[in-house]
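S.K.:
Protein chains: 2
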Amino acid sequence: MLGTMLYGPNDIRFEDVAQPTILHPTDAVIRVTAACVCGSDLWPYRGLQAHDAPMPMGHEYCGIVEEVGSAVKTIRPGQFVIGSFFASDNTCPHCQHGYQSSCQNREFVGGAQAPMLRVPLADGTLVATPEIPSADLIPSLLAVSDVMGTGWFAADAANVRPGATAVVVGDGAVGLLAVLSAKLMGAERIIAMSRHPDRQAIARQLGATNIVEERGEDGIARIRDLTKGVGADSVLECVGTAQSMDQALKVVRPGGFTSFVGVPHGVELRGEDLFFYHVHLHGGPAPVRRFLPDLIAKVWDKQINPGLVFDLDLPLAQVADAYRAMDERRAIKAILRP
Amino acid sequence: MLGTMLYGPNDIRFEDVAQPTILHPTDAVIRVTAACVCGSDLWPYRGLQAHDAPMPMGHEYCGIVEEVGSAVKTIRPGQFVIGSFFASDNTCPHCQHGYQSSCQNREFVGGAQAPMLRVPLADGTLVATPEIPSADLIPSLLAVSDVMGTGWFAADAANVRPGATAVVVGDGAVGLLAVLSAKLMGAERIIAMSRHPDRQAIARQLGATNIVEERGEDGIARIRDLTKGVGADSVLECVGTAQSMDQALKVVRPGGFTSFVGVPHGVELRGEDLFFYHVHLHGGPAPVRRFLPDLIAKVWDKQINPGLVFDLDLPLAQVADAYRAMDERRAIKAILRP
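Chains A and B, in that order, give the protein sequences.
All letters in the first sequence, in the order written, are residues 1 to 338 by full-length UniProt numbering.
All letters in the second sequence, in the order written, are residues 1 to 338 by full-length UniProt numbering.
Next up, the structure:
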């Protein structure tokens, strides 16, 4: 089959790769209905993160189960399933605490930008929908696989509560869905930091009540001003750079909560600063598996439509175009159809 | 009057200082019944923290109100009161959220190692006992002014829950009272990191179920072993060094909570590490004022006896001896009587 490989900076190839098979009795192989390009795929694409080359790409997926290993008990061929970027057994102590992305047996799921995908620990990782979804639900079901689950974790980890003032740093797909998540959790005021009119419009559509275009010290001053000098209750950092983290920590009120859900690149924090910020800080790879049943149900019932972050819909064979469009910020997020 | 001044490393002088007076209408002046030396006093004493010299020392105190300013409404002369190291108005947004040590009008209370002390924002800062306490209660009432309140915050910020496994890093007075606090909050297993037999004995008396003597990588391995490789639910970092923070972050389970309550000195944290530790991190200057009513009541009702951390009882005039004994770790904590 043809799958997506990254050879080096800006070098995405759609080429012959081995068809996945059951390697362990707990595996499933799924036929991918839709996959997409993640903001985190852009780090190695831009040469900003070391990686093996060539590397199979893609970790967001939904599709139909083709085959399962002999030890798989609950997932069955023919089901439509959604999983997350870390396979998890969903039974170890970390999973039981709701941190499936730190599962003691976790395994990164790579190679989803392809027609077929092997998913380890299928029973723990995959969640089946009630039936085969209609086509209009596919983008939103795909979104819960990572970007919506990550936005939701950003709001959850930042302890968004009814009536809260929340700030979302970052207007990528995760940031936009973090706005939606904060809204669903009852935030009264949601300040989105964004400089792009098209993304501002989506942020407003999803629940943002204020937009701050300024960055750095100016952005911090603007938010301090909007919160009457108090700072926000919850700050959702959805970028992962030193600048975005600095902003996120300087606009939270003492005793407030800052979450961070993008792998930090070049972020160094001084203990003394964190001490006097008096912030609750929590982040990490989103334990999407914890949220999948609830988020799938919300999509199924059409309470939420996170698929609207996909503003570029391409056949999988044009995956290189999808990377280019996202790298150049011409697209928020690309959905790929095998 | 004679008060305590720090001139430079190891240079504590008990010398003539101005008697405090009401400077602002919201001030009170109290006659200090007892004060003490804080672990944090040792940073500048050891020359490890820049400071103005000479600097009036002491920020833990209890005593009888001598005089109040014209705007003070609830605190009255003759009351026995306890306050914290940060004066707070107890009405601003940060105070209302329970973060009085980040009060918008906070003011550091210095100079408590003296017979008389000016306390700003008296109504917001001081809490009076039901009546004048008997002598046996004085050490424990003094302890809630900082060291017990800080140990309590360590447990609170580390989200200690009934049945939890907690690790306490540091066997100073705060660490020991963090053990007591974790016990009171229902931790089932409390692992105290301590290399000193006398302190281990106190830790056990206060509720520690396990002692780990090893430090650094060995200590981390030992705790991983004791928790079957899972890590602890709650880790209470009560030291403030790079090594102690490193230990605290490496023994918490993913999704667990690490608190830090001593001003970090030389602590740098990599964002990527915090991301993959998956830890909840919270710390800062303990908002002791939040806990004062409850902790005073617990002492008054003899439910707790945090005063047992005082193992050196000296007349205030011997304050330099108290610093020396604590610096050389001959004493856990010294109480000073004017």
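Don't be surprised by glycine CBs; every beta carbon is placed ideally from N, CA and C.
Answer yes or no: do Ser194(B) and Ile211(B) have a C-beta to C-beta separation smaller than 8 Å?
M.R.: Stepping through the second sequence from its first residue, residue 194(B) is reached at position 194. Stepping through the second sequence from its first residue, residue 211(B) is reached at position 211. Yes, the pair counts as a contact, with Cβ atoms nearer than the cut-off.
S.K.: Return the first residue and the last residue of the beta strand (DSSP E) that Thr4(B) is part of.
M.R.: The count along the second sequence starts at 1 and reaches residue 4(B) at position 4. Run containing Thr4(B): 2–8, per the beta strand (DSSP E) assignment.
S.K.: Does Glu213(B) come out as helix, strand or coil in the three-state DSSP assignment?
M.R.: Locating residue 213(B) in the second sequence gives position 213, counting from the first residue. Coil.
S.K.: Once you ignore the five residues that flank Val230(A) on each side, which residues in its own chain have a CB closer than 7 Å to its CB?
M.R.: Sequence index remark: in the first sequence, residue 230(A) carries index 230 (1-based). Around Val230(A): Arg253.
S.K.: Could you pull out every unbroken alpha helix (DSSP H) segment of at least 4 residues lying fully inside the region 167–206 of chain B, listed in chain order?
M.R.: For the region 167–206 of chain B, whole alpha helix (DSSP H) runs of length 4 or above, ordered along the chain, are 173–184, 197–206.
S.K.: Determine the chain C residues that contact Ser84(B) at a beta-carbon separation under 8 Å, and present them in chain order.
M.R.: No chain C is part of this structure, whose protein chains are labelled A and B.
S.K.: Would you list, in chain order, the members of the region 313–338 of chain A that have their beta-carbon closer than 9 Å to a beta-carbon of chain B?
M.R.: Residues passing the 9 Å Cβ filter: none.
S.K.: Starting from the C-beta of Gly8(A), find all residues in its chain whose C-beta is less than 8 Å away, skip the five residues before and the five after it, and write them out in chain order.
M.R.: Taking the first sequence and counting its residues from 1, one reaches residue 8(A) at position 8. So the list reads Gly47, Ala53, once near-sequence residues are dropped.
S.K.: Does the separation of the CB atoms of Leu2(A) and Met57(A) fall below 8 Å?
M.R.: Here residue 2(A) refers to the residue found at position 2 when the first sequence is read from its first residue. Here residue 57(A) refers to the residue found at position 57 when the first sequence is read from its first residue. No, the Cβ-Cβ distance between Leu2(A) and Met57(A) is not below 8 Å.
S.K.: Tell me which same chain residues have a C-beta within less than 7 Å of the C-beta of Met148(A), skipping the five on either side of it?
M.R.: Translated into the one-based positions of the first sequence, residue 148(A) becomes position 148. The answer, listed in chain order, is Leu177, Leu295, Pro306.
S.K.: Let's see if you can read the secondary structure: which residues bound the beta strand (DSSP E) around Gly149(B)?
M.R.: In the second sequence, the residue the question calls residue 149(B) occupies position 149. Run containing Gly149(B): none in the beta strand (DSSP E); it sits in the alpha helix (DSSP H), 147–157.
S.K.: Can you name, in chain order, every residue of its own chain whose Cβ lies under 7 Å from the Cβ of Ala173(B), other than the five neighbours on each side?
M.R.: Against the second sequence, residue 173(B) aligns to sequence position 173. Answer for Ala173(B): Gly39, Val147, Val309, Ile332, Lys333, listed in chain order.
S.K.: Mind checking the region 137–151 of chain B against chain A and listing, in chain order, the residues whose C-beta falls within less than 8 Å of any C-beta there?
M.R.: Those residues of the region 137–151 of chain B that come within reach of chain A (Cβ to Cβ, closer than 8 Å) do not exist; the list is empty.
S.K.: So what does DSSP say about Ala18(B), is it helix, strand or coil?
M.R.: Translated into the one-based positions of the second sequence, residue 18(B) becomes position 18. DSSP places Ala18(B) in coil when its eight states are reduced to three.
S.K.: With C-beta atoms as the reference, is Ala157(B) less than 8 Å away from Ala187(B)?
M.R.: Residue numbering aside, residue 157(B) sits at position 157 when the second sequence is read from its first letter. Residue numbering aside, residue 187(B) sits at position 187 when the second sequence is read from its first letter. No. Outside cutoff.
S.K.: From the beta carbon of Gly284(B), is the nearest beta carbon of chain A less than 8 Å away?
M.R.: Taking the second sequence and counting its residues from 1, the one referred to as residue 284(B) is at position 284. Answer yes: the Cβ-Cβ gap between Gly284(B) and chain A drops below 8 Å somewhere.
S.K.: Classify Leu23(A) as buried or exposed, calling it buried when 16 or more other Cβ atoms lie within 10 Å of its own Cβ.
M.R.: Within the first sequence, numbered from 1, the residue matching residue 23(A) stands at position 23. Answer is exposed; the Cβ neighbour count stays below 16.
S.K.: What are the partner residues of Cys36(B), as DSSP defines its beta bridges?
M.R.: Here residue 36(B) refers to the residue found at position 36 of the second sequence. Note: Cys36(B) sits in a beta bridge opposite Ile335(B).
S.K.: Closer than 7 Å by beta-carbon distance: list the chain B residues that pair up with Val219(A), in chain order.
M.R.: For this step, residue 219(A) is matched to residue 219 along the first sequence. It should be pointed out that residue 219(A) corresponds to Gly in this sequence rather than to Val. Here the premise fails: no neighbours, minimum Cβ distance about 19 Å.
S.K.: Are there three or more Cβ pairs, one per stretch, closer than 8 Å when the region 75–95 of chain A is compared with the region 274–291 of chain A?
M.R.: Yes: the two stretches touch, three or more of their Cβ pairs being nearer than 8 Å.
S.K.: Would you mind reading off the limits of the beta strand (DSSP E) that contains Cys62(A)?
M.R.: On the first sequence, position 62 is the one that residue 62(A) refers to. Start and end: 61–68.
S.K.: Using a Cβ-Cβ cut-off of less than 7 Å, list which residues of the region 173–206 of chain A approach chain B; keep chain order.
M.R.: Those would be none; no residue qualifies.
S.K.: Can you give the Cα-Cα distance for Val168(B) and Met326(B), rounded to whole angstroms?
M.R.: Here residue 168(B) refers to the residue found at position 168 of the second sequence. Here residue 326(B) refers to the residue found at position 326 of the second sequence. So the alpha carbons of these two residues sit roughly 20 Å apart.
S.K.: Is it true that the CB of Glu60(A) sits closer than 8 Å to the CB of Cys36(A)?
M.R.: Counting from 1 along the first sequence, the entry for residue 36(A) is found at position 36. Counting from 1 along the first sequence, the entry for residue 60(A) is found at position 60. For Cys36(A) and Glu60(A), yes; Cβs fall inside 8 Å.
S.K.: Examine chain B for any beta-carbon lying closer than 8 Å to the beta-carbon of Pro264(A), and answer yes or no.
M.R.: In the first sequence, residue 264(A) corresponds to position 264, counting from 1. Yes, Pro264(A) counts as interfacial toward chain B.
S.K.: Please say whether Val72(A) and Thr26(A) have beta carbons closer to each other than 8 Å?
M.R.: As a position in the first sequence, residue 26(A) is number 26, starting the count at 1. As a position in the first sequence, residue 72(A) is number 72, starting the count at 1. In contact: Thr26(A) and Val72(A) (Cβ atoms closer than 8 Å).
S.K.: For Phe260(A), return the contacting residues in chain B, with the cut-off set at a CB-CB distance below 9 Å.
M.R.: Here residue 260(A) refers to the residue found at position 260 of the first sequence. Neighbours of Phe260(A) on chain B, chain order: Gly271, Leu274, Phe275.
S.K.: Classify Ser181(A): buried if its beta carbon has 16 or more other beta carbons within 10 angstroms, exposed otherwise.
M.R.: Within the first sequence, residue 181(A) is the residue found at index 181, counting from 1. Result: buried.
S.K.: Quick test of your reading: Leu249(A) and Gln113(A), contact by CB under 8 Å. State the CB separation rounded to the nearest angstrom.
M.R.: Residue mapping note: residue 249(A) aligns to position 249 of the first sequence, counting from 1. Residue mapping note: residue 113(A) aligns to position 113 of the first sequence, counting from 1. The Cβ separation is near 34 Å, so there is no contact.
S.K.: What do you reckon, is the C-beta of Val144(B) under 7 Å from a heavy atom of the ligand PLP?
M.R.: With respect to the ligand PLP, the structure offers nothing, as it holds no ligand at all.
S.K.: Checking contacts by CB at 8 Å: is Arg289(B) closer than that to chain A?
M.R.: For the purposes of this step, residue 289(B) is taken as residue 289 along the second sequence, with counting starting at 1. Not one chain A Cβ lies under 8 Å of Arg289(B).
S.K.: Going straight from the alpha carbon of Leu166(B) to that of Leu236(B), what length do you get?
M.R.: What you label residue 166(B) is simply residue 166 of the second sequence in a count that begins at 1. What you label residue 236(B) is simply residue 236 of the second sequence in a count that begins at 1. Before going on, a small fix: residue 166(B) reads as Ala here, not Leu. Rounded to whole angstroms, Ala166(B) to Leu236(B) spans 7 Å at the Cα level.
S.K.: Mind listing the chain B neighbours of His59(A)? Cutoff is C-beta to C-beta under 9 Å, in chain order.
M.R.: Within the first sequence, the letter at position 59 stands for residue 59(A). Going along chain B, no residue has its Cβ under 9 Å from His59(A), so there is no contact; the nearest lies around 16 Å.
S.K.: Among His94(A), Ala320(A), Gly266(A), Ile220(A), which residue has its Cα nearest to the Cα of Ala242(A)?
M.R.: Indexing the first sequence from 1 puts residue 242(A) at position 242. Among His94(A), Ala320(A), Gly266(A), Ile220(A), the Cα nearest to that of Ala242(A) is on Gly266(A).
S.K.: So, for Val127(A): in the same chain, excluding its five sequence neighbours on each side, which residues have a beta-carbon less than 8 Å away from its beta-carbon?
M.R.: Your numbering for residue 127(A) matches position 127 in the first sequence. The answer, listed in chain order, is Val81, Ile82, Gly83, Arg289, Leu292, Pro293, Ile296.
S.K.: Using a C-beta to C-beta distance shorter than 8 Å, which residues of chain B count as neighbours of residue 423(A)?
M.R.: Residue 423(A) falls outside the range modelled here, since chain A spans only 1 to 338, and no answer is possible.
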